[in-house]
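Since the structure comes first, as structure tokens, the remarks are kept for the end.
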Amino acid sequence: MVWEAADALIENDIVIVSPRVAFTRLFGLAQTLAVWRSIATTLARILYGFSLAMLAGVFFAAFSAQFKIFHKLILPAVNTMSAIPIASFTILALMAFRPSNLSVFVAFVTVLPIIFFNTHKGIVSTDPQLLEMANIFNVPLHKKIYFIYFKTVAPFVASAASVGIGFAWKSGIAAELIGVVSGTIGANLHNAKIFLNTADLFAWTIAIILLSYSMERVFRFIFKVKK
Amino acid sequence: MKIELKNITKSFGELRVLENVSLTFGEGITCIMGHSGAGKTTLVNIVAGILQPDEGEIIGAERKISMVFQEDRLLEWESALSNVLFVKNNRERAIELLTQAGIDPNKKTAELSGGMKRRVCLCRALIADYDILILDEPFKGLDSDLKPSIMEMVKNYSKGTVICITHDPTEAEFLGAEIIGLTCM
Numbered sequence: 155m156v157w158e159a160a161d162a163l164i165e166n167d168i169v170i171v172s173p174r175v176a177f178t179r180l181f182g183l184a185q186t187l188a189v190w191r192s193i194a195t196t197l198a199r200i201l202y203g204f205s206l207a208m209l210a211g212v213f214f215a216a217f218s219a220q221f222k223i224f225h226k227l228i229l230p231a232v233n234t235m236s237a238i239p240i241a242s243f244t245i246l247a248l249m250a251f252r253p254s255n256l257s258v259f260v261a262f263v264t265v266l267p268i269i270f271f272n273t274h275k276g277i278v279s280t281d282p283q284l285l286e287m288a289n290i291f292n293v294p295l296h297k298k299i300y301f302i303y304f305k306t307v308a309p310f311v312a313s314a315a316s317v318g319i320g321f322a323w324k325s326g327i328a329a330e331l332i333g334v335v336s337g338t339i340g341a342n343l344h345n346a347k348i349f350l351n352t353a354d355l356f357a358w359t360i361a362i363i364l365l366s367y368s369m370e371r372v373f374r375f376i377f378k379v380k381k
Numbered sequence: 004m005k006i007e008l009k010n011i012t013k014s015f016g017e018l019r020v021l022e023n024v025s026l027t028f029g030e031g032i033t034c035i036m037g038h039s040g041a042g043k044t045t046l047v048n049i050v051a052g053i054l055q056p057d058e059g060e061i062i063g064a065e066r067k068i069s070m071v072f073q074e075d076r077l078l079e080w081e082s083a084l085s086n087v088l089f090v091k092n093n094r095e096r097a098i099e100l101l102t103q104a105g106i107d108p109n110k111k112t113a114e115l116s117g118g119m120k121r122r123v124c125l126c127r128a129l130i131a132d133y134d135i136l137i138l139d140e141p142f143k144g145l146d147s148d149l150k151p152s153i154m155e156m157v158k159n160y161s162k163g164t165v166i167c168i169t170h171d172p173t174e175a176e177f178l179g180a181e182i183i184g185l186t187c188m
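For the protein sequence lines, the chains are A and B, in the order given. Take any residue in the first sequence, note its place counting from 1, add 154, and you have its number in this note's numbering. Take any residue in the second sequence, note its place counting from 1, add 3, and you have its number in this note's numbering.
Shown next, in the form of structure tokens:
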């Protein structure tokens, strides 16, 4: 309604298009193979960066909880990572990486701090009395990890990951847009902007929102994260 | 098999809880009795190796220990059965013990009452391989009609050296235990 009203008020197709035009364009885009290729490329790279960040974040957090000196060493680096704007990271990364790896790297550095901090918080909040109980009964390490650490930390990791997936998606596309990485969603957004093709811009934005929402739903289904 | 405590002293900051305590726990059940704050839990925690004494020596503590803690220390998100299997993977025995204690093995621990949790703790302690069994108020929160059957379980299934903290002399009497009294300092 607001969108319709804004379109009727502004009456300028370069600034805003109606929902009908945007969705018609989206439907048109969905029928071309190149668009699906762009989506698949972006999705694969972002998921790759996200997965690496998950692995590294959990590993660093576990190591950090175990060794205080490592925590002290890594903390400034992770804090810096979370403070640096995505645009700065992208420009720096453009000099170091091939454009094809840009969104992988940017998704990685965006998600890593989220996973690291949450997992670390989960590990240190593990009930020391339960660990003491397990030690008294000489419970083997694999049981301690599964029944105590995993069960305590899993909700923290799942919650961080569900937030992280959204960040990975947004930052990855932003990186593709800044780096104009060909054959990606970011490049399509860039082209729409350059050619003042507002219908395409709106259609791609809707597609990004739908994809982001779907990814989060799939993730929540897999990890059974409750809202 | 015995465990010997020699001149054990333990303080928490300014508060001296145990001073020059010398005791010997032999085979069978020994009940430690005393008022709150007398140092009963501190004493058994020293035997279990959870706390270190400031002074003194423990001879024979380097054996397998099983324990009912003062707090339940159960995996609340697991079933009663999983909690017992956590310490020893003997499904048949675990179900037998839990059933005898009147606990549905598949019930989530979080859904159990305080008394039921206490019984799960006892089953967990009884199933473990141990030489020394430490029971810190194991019958706390149990209904009076249930207590005798649970005490019977302890009497029948415990072995080796058993150290039991209780406030109730009738419990010690029922268990046929030797009694040691601790007084506040």
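Backbone N, C-alpha and C define an ideal beta-carbon position, used for all residues, glycine too.
The beta-carbon distance between Lys-297/A and Trp-80/B, rounded to whole angstroms, is 15 Å. This is too long to meet the 8 Å contact definition. Counting the other CB atoms within 10 Å of its CB gives Asp-161/A a total of 16 or more, which places it among the buried residues. Annotation: the continuous beta strand (DSSP E) that includes Arg-19/B extends over 18-28. With a threshold of 8 Å between beta carbons, Leu-295/A makes no contact with chain B. Between Phe-310/A and chain B, the shortest Cβ-Cβ separation is not below 8 Å.
In the structure shown, Asp-354/A adopts helical secondary structure according to DSSP, grouped into three states. For Lys-305/A, the nearest beta carbon of chain B is closer than 8 Å to its own beta carbon.
With respect to Ile-168/A, Thr-352/A sits close: the two C-beta atoms are nearer than 8 Å. Val-212/A places its beta carbon 8 Å or farther from that of Ile-268/A. In this structure, DSSP gives Met-155/A a state outside helix and strand, which the three-state scheme calls coil. If you ignore the 5 residues before and after Leu-248/A, its C-beta comes within less than 7 Å of the C-beta of Leu-256, Gly-333, all in its own chain and listed in chain order. When rounded, the separation of the alpha-carbon atoms in Ser-254/A and Leu-365/A is 20 Å. Looking at the DSSP output, Cys-124/B bridges to nothing.
Excluding the 5 residues flanking it on each side, Ile-200/A has same chain C-beta neighbours closer than 7 Å at Ser-257, Ala-261, Ala-322, Trp-323, Gly-326, in chain order. For the segment 17-99 of chain B, the continuous alpha helix (DSSP H) assignments of 4+ residues that do not extend past its boundaries occur at 43-51, 83-88, in sequence order. By the neighbour-count criterion, in which a residue is buried when 16 or more other Cβ atoms sit within 10 angstroms of its Cβ, Arg-76/B is buried. The Cβ of Ile-277/A sits no closer than 8 Å to any Cβ of chain B.
The segment 80-89 of chain B makes no contact with the segment 48-56 of chain B; the number of CB pairs closer than 8 Å stays below 3. Out of Lys-5/B, Ala-180/B, Gln-73/B, the CA that lies nearest to the CA of Phe-142/B is found in Gln-73/B. Around the CB of Thr-169/B, 16 or more other CB atoms lie within 10 Å, so the residue is classed as buried.
Using a CB distance cut-off of 8 Å, Phe-89/B counts as an interface residue toward chain A. In this structure, the beta-carbon distance from Ile-302/A to Ala-216/A does not fall below 8 Å.
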